[in-house]
Amino acid sequence: MFFCFYFSFQTVKEIHWNVLESLSKVARFSRDTAATILEHPYARPILPHLPPVVNNLIQTEPTRSVIDEYDPGRVYLAKWASSINEASRAERLEKSDESFPGRRRRRWSDSEPKRWEEETEDELTLPPVHAIRTDPLNAEKWFSFFDTEGRLKVELNEVREAVFRGGIENDIRIDVWKFFLKVYPWDSSRVERENLLDAKAQQYWALKREWWDSPEVLNSDDFKEQKMRIEKDVIRTDRTMEFFAIEDMPHPDPLISASSKTTNKKLEAMKDILMTYHFYNKDLGYVQGMSDLLAPVLIVMEDEVSAFWAFVGFMERMKSNFYRDQSGMRRQLLTLEHLIKFMDPPLYKHLT
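Take any residue in the sequence shown, note its place counting from 1, add 335, and you have its number in this note's numbering.
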């Protein structure tokens, strides 16, 4: 029995040491692999910004000799490492009770020769902004982007930059917006766009008839609720704007005409577009505030069909702001928080 117990004890002991030995081999392999990676020339600019614990592991003579050399990837990787360092620094500032004046950091210089510079918190400034403004995009320049068949012949980024730098002249705004709001595909020809607009017109009127010509829908509680919500929002449209100012027709709904005796075709078009969108996007429906986004689109597009499809394209970008769980707005606020935390840690700490 003693022999069996001794044998079992020895077996367990051997297994224990075998496991420890295996783990030590894994650790040694990981350490050697990490050293090989960190000693690579392209890793050099990152090394000074690694945590102290990691730096202690790489303070070998070969590694330090590599750090003292210059390599072609320094500029790119150094800037990337700087952004990581700044984010880490912001978190350290958040947790620190030390005062901000006198604290120092390293930054990549804006002037030649490019190098690392040190500055105190009191000296911290954002890099200079070199804004380049150009003349608004005009018809001549706009049409030069397309070939004889009306297909885009330049890179899309060139068009975007022209609009970003200078804006758009009013006489071509409707055409430009139709591309940017996805009424027209960028790779379409002039003939294809004409056919597409005809097809979209038929599709819009078919969507509108789903509620316009259906007594069952018109008498439903959902429709009545949405109609009242849309009505309340649309009548708040800025009537001082010429496009919406003229009251040229009596209100078509006798139940509402008592409180709002007159309206105009543009306001009624807004209501119809928003109601049609409610049935088009049944997952989202109509949400308060959508009328404010539709108003400028309708002013530019002028007709109901183009305004509807431009609004559909616009909502693909903006719909997250109208989610009922407010996830879209929370995401934008979180993005703003991260920007402040990165760009201005003292302000971030003050706000939090």
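All C-beta atoms, glycine included, are put in the ideal place defined by N, C-alpha and C.
Remember, predicted model here, so these are calculated numbers, not experimental data.
CB contact below 8 Å: residue i versus chain C
i	result
D588	Absent here is chain C; the protein component of the structure consists of one chain.
Test item: CB-CB of residue i and residue j under 8 Å
i	j	result
W512	A645	yes
Y621	R564	yes
N473	E504	yes
T572	L602	yes
T597	E577	no
V569	K535	no
V494	F478	no
Y519	L531	yes
I675	L682	yes
P550	G502	no
Where residue i falls, given that 16 or more other Cβ within 10 Å makes a residue buried
i	result
L671	exposed
K348	In this predicted model, K348 has a pLDDT of only 45, less than 50, meaning its place in the structure is not dependable enough to derive any value.
I467	exposed
F649	buried
H685	exposed
K559	exposed
H586	buried
H465	exposed
S400	With a pLDDT of 47 at S400, under the threshold of 50, the modelled position of this residue cannot be trusted; read the value that follows with caution. So S400 counts as exposed.
M329	Residue 329 is absent from the structure shown; the chain starts at 336 and stops at 687.
L516	buried
W546	buried
M664	exposed
F704	The requested residue 704 does not occur in the structure, where the chain is confined to residues 336 to 687.
Where residue i sits in the DSSP three-state scheme
i	result
P585	strand
L542	helix
I503	strand
Y612	helix
I675	helix
L516	coil
L619	coil
F481	strand
T597	strand
Inter-residue CB distance, residue i and residue j (contact presumed, cutoff 8 Å)
i	j	result
K600	M584	7 Å
Cβ-heavy atom distance, residue i to the ligand ZN, below 7 Å
i	result
N599	Ligands in the displayed structure: none, and consequently the ligand ZN is not present.
For this session: Determine, using beta-carbon pairs with one atom in the segment 623–643 and one in the segment 508–524, whether at least three such pairs fall under 8 Å.
Result: The answer is yes - the segment 508–524 touches the segment 623–643, with three or more Cβ pairs under 8 Å.
Problem set entry | Inter-stretch contact at 8 Å, needing at least 3 Cβ pairs: the segment 525–532 / the segment 480–488 | In the pairwise beta carbon analysis, the segment 525–532 is classified as touching the segment 480–488: at least three pairs are separated by under 8 Å.
For this session: Could you tell me whether the segment 624–637 touches the segment 561–577, where touching means 3 or more Cβ pairs closer than 8 Å?
Result: Three or more Cβ pairs closer than 8 Å define a contact, and the segment 624–637 meets that threshold against the segment 561–577.
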